[in-house]
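Visitor: Note that the protein sequences, when read in sequence, are chains A and B.
Mapping of the first sequence onto full-length UniProt numbering: residues 1 to 148, in sequence order.
Mapping of the second sequence onto full-length UniProt numbering: residues 1 to 532, in sequence order.
For glycine and all other residues, C-beta sits at the position ideal for the given N, C-alpha and C.
These numbers come from a predicted model, not from an experiment.
Following this message is one structure expressed as structure tokens.
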Amino acid sequence: MSQVDRIRVVMAKPGLDSHYRGTMVVSRYLVQQGMEVVYVGNQTAEQIVRAVLAEDADVLGLSSLSGNHLATVPPILAGLRSSGLDDVLVLLGGIVPSADAEVLRAAGVHEIFGPGSELVTIARTIRERVARRAAPVAPAVTEGIAMA
Amino acid sequence: MSVRPQDTQTAATTDAGIPVDAVYTPERHPVRTPEPPGEPPFTRGVRPLMYRERPWAVRQLAGFGTPEDTNRRLRLLLEHGATAVNTVFDFPTNRGYDSDAPLARADAGQGGVAVDSVEDMVALYAGIPLDEVSVSIVVSHPVAAGVVLAMYLVAAERRGYRPEDLAGTLQNDFMMETVVLTAPSVLEPAFAFRLSTDVVEYCLQHVPRWNAISYTGYNYREAGADAVQEAALVVAHAVATAEEMVRRGHPVDTFASRLTAFFSADNDFFEEIAKYRAARRVYARVFAERLGAREPRSRMLRYHVQTAGSALTAQQPLNNVTRSAYHALAAVLGGAQSLHVSAYDEALSIPSESAALTALHTQHILRHETGVDRTADPLAGSHYVESLTDAVEQRVYELLARIDALGGLVAAVEQGWVHKHLLANAYERQLAIDDGTRTVVGVNRFRSDEPLHIDPFRVPATLEPQEDKLRRLRAGRDGARVRAALDALRDTAASGRNTMPPLLEAVRAGATLGECSEVFRDLHGGWRQPLI
């Protein structure tokens, strides 16, 4: 990625799940890959949505290993929609049984990374999906601002 | 087919980076067989006859949902041959939140059992003879550990037990709160450490058979530590507690025998065995030479082992039965006092009943079929095992010196030194798995696309019953007495006196876990973990 237009990622742990090793490992890798990562830790849905807004994030990375995902993730997705943040890429990592994964994908989670996921896959997914979203409008807008 | 070239030789270092030769000989690796088991510095074990004298405790971890749900699982395990109880508490309980707190609701009953008040502790251990069965209470964060122990003591008191009847262990480890795990409002390390020592001090004076602390090497390991760091952090932590207790006026031989540890058993089979042997030796020497302990029991490192959860895979989950059995074998060959074998579905969900029973039976097979418990420390004198034990020992001493140079363990945590090393290891390990230099069967080699045949365990509805109980509790208690008790707790916590007596009064008055923990968070919460 270019240094001037770095992908911005907010990483959060909804609820009280306290396993943060995975979040830290992924965050460190994404930083190595040139992304900007803000880790906000344990937060409520409202706080997470506010952080995404405040950080102008392209990506929200959620982590849940406690089994709280069905209760915590849908309110975050609803909060993003009602704040006009529909274009934020939402990723979920952790322990999510496949039946729950279907429910959460249908609710708007874009990708779910279970145990054994490779870091390179996570980074590639982010780059491809963010590029796809940005492609139709971003170059023109950027140029417009540069020219003005 | 994989295009990866076949291994021509296995790695020439252990997981912790200790060089390993292809062959060990007396000429190139002269080693001395250590003192017999039961003799300081206890390299070969803490008892002269080891498992012939006292078998390891079969202590399978259990906890989910409501106290009533977990009570049924505890009794099931005891009926199937478990010899001790090991209860894990849910995320809100470990962090000191009531089930109905806004941040807690989604995690009520997840990862452990929900406990909000004394009533829950009564229900949790109903029907279990607390004077006969040793009870391990896996509440690690000092923000909540003393509170939960107070609830246990009051629940036992209601059932007619005296404090001296009770045997068990409280985890009570400040590094769990400040390094290993995360929470919305983390206590300052020095305060969390002080609360943990309050429990040690209180138990010394009032609950003499209780192990008031269990240094959670297992969890340091799960957070990223290697075997050497795990052992060094456990010893450094015990030194910190002991020095603080001595500073409070308690001679080391009055309390040191109640300090215990909790280790992991991970993949590198011989290094794990060497770790246990080296840790016992270093611990015994440090307690004698540095702290002046004279009683042999003060110098014994006694510990529980849990087979490594982070070594288990979601892919090909039945392979985890095999992994955990090897881990358990290492724990027993290393001389553990107590053992939990992890269940094969742990990377997928809370263990199902059938997976929990398979794990329990793994222990029965080890004990009753393999004969590994016939003789104490059977690997003693092996040139490889003794050399590796010496190498681990030397590296543990080096790390202890570095921690001392930073000003001790609490200072090392405050400065982010422990975080930095653990997270760096975790990161390097993941890179090594991703690039294939570290093999994980079913994940980066020998993969298969067969569908999983595991039904993930579903935690029963917990929030609603806990909410009901909390409503009834708050309506039925004497509000003025609760407020006075919480005020007294705050005054004591602010003054530096021991927080356990006012905690006991608060829980007797009907204060909830969240109300007590909030007093601590209000005084010293909000510490930011130095993560990068």
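What residues of chain A sit near residue 95 of chain B, judged by a beta carbon separation below 9 angstroms?
Guide: As a first step, residue 95 of chain B is located in the second sequence; it is residue number 95 there, counting from the start. Within 9 angstroms Cβ-Cβ: 16, 18 and 42.
Visitor: Please list, in chain order, the chain B residues whose beta carbon lies closer than 7 angstroms to that of residue 107 of chain A.
Guide: Here the question's residue 107 of chain A lines up with position 107 in the first sequence. Here the premise fails: no neighbours, minimum Cβ distance about 15 angstroms.
Visitor: Establish whether the CB of residue 313 of chain B and some CB of chain A are separated by less than 8 angstroms.
Guide: For the purposes of this step, residue 313 of chain B is taken as residue 313 along the second sequence, with counting starting at 1. Yes, because at least one Cβ of chain A sits closer than 8 angstroms to the Cβ of residue 313 of chain B.
Visitor: Give the straight-line distance between the Cα atoms of residue 3 of chain B and residue 515 of chain B, rounded to the nearest whole angstrom.
Guide: Here residue 3 of chain B refers to the residue found at position 3 when the second sequence is read from its first residue. Here residue 515 of chain B refers to the residue found at position 515 when the second sequence is read from its first residue. Low local confidence applies: a pLDDT of 39 at residue 3 of chain B is under 50, so the model's placement there is unreliable, with the coordinate-based value given in what follows. Spanning the two alpha carbons is a distance of roughly 59 angstroms.
Visitor: According to DSSP, is residue 445 of chain B part of a helix, a strand, or is it coil?
Guide: Position 445 of the second sequence, counting from 1, holds the residue named residue 445 of chain B. Correct three-state label for residue 445 of chain B: strand.
Visitor: Establish whether the CB of residue 123 of chain A and some CB of chain B are separated by less than 8 angstroms.
Guide: What you label residue 123 of chain A is simply residue 123 of the first sequence in a count that begins at 1. No, because no Cβ of chain B sits closer than 8 angstroms to the Cβ of residue 123 of chain A.
Visitor: Taking Cβ to Cβ, would you say residue 37 of chain B is nearer than 8 angstroms to residue 47 of chain B?
Guide: Start at 1 with the first residue of the second sequence, and residue 37 of chain B comes out as number 37. Start at 1 with the first residue of the second sequence, and residue 47 of chain B comes out as number 47. In contact: residue 37 of chain B and residue 47 of chain B (Cβ atoms closer than 8 angstroms).
Visitor: Tell me which residue opens and which closes the beta strand (DSSP E) that residue 215 of chain B is part of.
Guide: The residue labelled residue 215 of chain B in the question sits at position 215 within the second sequence. It spans 213-216 - the beta strand (DSSP E) in which residue 215 of chain B sits, taken as one unbroken run.
Visitor: Measure the C-alpha to C-alpha separation of residue 186 of chain B and residue 220 of chain B and round it to an integer number of angstroms.
Guide: Numbered from 1 along the second sequence, position 186 holds the residue referred to as residue 186 of chain B. Numbered from 1 along the second sequence, position 220 holds the residue referred to as residue 220 of chain B. Cα to Cα, residue 186 of chain B sits roughly 17 angstroms from residue 220 of chain B.
Visitor: For chain A, check one thing: does any of its Cβ atoms lie closer than 8 angstroms to the Cβ of residue 5 of chain B?
Guide: The sequence position of residue 5 of chain B within the second sequence is 5, counting from 1. Only weak support is given to the placement of residue 5 of chain B: the predicted model assigns it a pLDDT of 42, under 50, and the value that follows is read from those uncertain coordinates. For residue 5 of chain B, the answer is no, since every Cβ of chain A falls outside 8 angstroms of its Cβ.
Visitor: Consider the Cβ of residue 187 of chain B: report whether some Cβ of chain A lies at a distance smaller than 8 angstroms.
Guide: As a working note, residue 187 of chain B is residue 187 in the second sequence. Residue 187 of chain B does not count as touching chain A.
Visitor: Using the Cα positions of residue 92 of chain A and residue 531 of chain B, report the straight-line distance between them to the nearest angstrom.
Guide: Sequence index remark: in the first sequence, residue 92 of chain A carries index 92 (1-based). Sequence index remark: in the second sequence, residue 531 of chain B carries index 531 (1-based). Distance between the alpha carbons of residue 92 of chain A and residue 531 of chain B: 21 angstroms.
Visitor: Looking only at its chain, what residues have a beta carbon closer than 8 angstroms to the beta carbon of residue 205 of chain B, apart from the 5 residues adjacent to it on each side?
Guide: Here residue 205 of chain B refers to the residue found at position 205 of the second sequence. Result list for residue 205 of chain B: empty, nothing under 8 angstroms.
Visitor: Which residues in chain A sit within 7 angstroms of residue 142 of chain B, going by Cβ to Cβ distance?
Guide: Position 142 of the second sequence, counted from the first residue, corresponds to residue 142 of chain B. Neighbours of residue 142 of chain B on chain A: none; closest Cβ ~14 angstroms, over 7 angstroms.
Visitor: Listing by chain order, which chain A residues have their CB less than 9 angstroms from the CB of residue 155 of chain B?
Guide: Within the second sequence, numbered from 1, the residue matching residue 155 of chain B stands at position 155. Those do not exist, as residue 155 of chain B stays about 24 angstroms from chain A at its closest Cβ, beyond 9 angstroms.
Visitor: Compare the C-alpha of residue 133 of chain B against each of B/303, B/79 and B/32 and name the closest.
Guide: Here residue 133 of chain B corresponds to residue number 133 of the second sequence, with the count starting at 1. Of B/303, B/79 and B/32, the residue nearest in Cα terms is B/79.
Visitor: Can you name the residues of chain B whose CB is closer than 8 angstroms to the CB of residue 119 of chain A?
Guide: To locate residue 119 of chain A, count along the first sequence from 1; it is residue 119. Result: 430, 431 and 434.
Visitor: Is residue 365 of chain B buried or exposed, if buried means 16 or more other CB atoms sit within 10 Å of its CB?
Guide: As a first step, residue 365 of chain B must be located in the second sequence, where it is residue number 365. Exposed, by the Cβ-count rule.
Visitor: Could you work out which residues of chain A lie near residue 443 of chain B, taking near to mean beta carbons separated by less than 7 angstroms?
Guide: The sequence position of residue 443 of chain B within the second sequence is 443, counting from 1. Neighbours of residue 443 of chain B on chain A, chain order: 116.
Visitor: Establish whether the CB of residue 179 of chain A and some CB of chain B are separated by less than 8 angstroms.
Guide: Residue 179 of chain A lies beyond the range of chain A shown here (1 to 148); nothing can be said about it.
Visitor: Helix, strand or coil: how does DSSP classify residue 207 of chain B here?
Guide: Translated into the one-based positions of the second sequence, residue 207 of chain B becomes position 207. Here residue 207 of chain B sits in coil by DSSP.
Visitor: In chain B, what lies closer than 8 angstroms to residue 97 of chain A by C-beta?
Guide: On the first sequence, residue 97 of chain A is found 97 positions in, with the first residue counted as 1. Within chain B, the residues near residue 97 of chain A are 348, 349 and 456.
Visitor: Name the chain B residues that come within less than 7 angstroms of residue 28 of chain A, Cβ to Cβ?
Guide: Locating residue 28 of chain A in the first sequence gives position 28, where the first residue counts as 1. Those are 427, listed as they occur along chain B.
Visitor: For residue 174 of chain B, name the three-state secondary structure that DSSP assigns.
Guide: Your numbering for residue 174 of chain B matches position 174 in the second sequence. Looking at residue 174 of chain B - three-state DSSP - the assignment turns out to be helix.
Visitor: Using the Cα positions of residue 56 of chain B and residue 300 of chain B, report the straight-line distance between them to the nearest angstrom.
Guide: One-based indexing of the second sequence puts residue 56 of chain B at position 56. One-based indexing of the second sequence puts residue 300 of chain B at position 300. Roughly 16 angstroms separates the two Cα atoms.
Visitor: Would residue 430 of chain B be called buried (16 or more neighbouring beta carbons within 10 Å of its own) or exposed?
Guide: Sequence index remark: in the second sequence, residue 430 of chain B carries index 430 (1-based). Residue 430 of chain B should be labelled buried.
Visitor: Buried or exposed: where does residue 49 of chain B fall if 16 or more other Cβ atoms within 10 Å of its Cβ makes it buried?
Guide: Within the second sequence, residue 49 of chain B is the residue found at index 49, counting from 1. By the 10 Å Cβ count, residue 49 of chain B comes out exposed.
Visitor: Using 8 angstroms as the threshold, is the C-beta distance between residue 425 of chain B and residue 224 of chain B below it?
Guide: As a first step, residue 425 of chain B is located in the second sequence; it is residue number 425 there, counting from the start. As a first step, residue 224 of chain B is located in the second sequence; it is residue number 224 there, counting from the start. Contact: yes.
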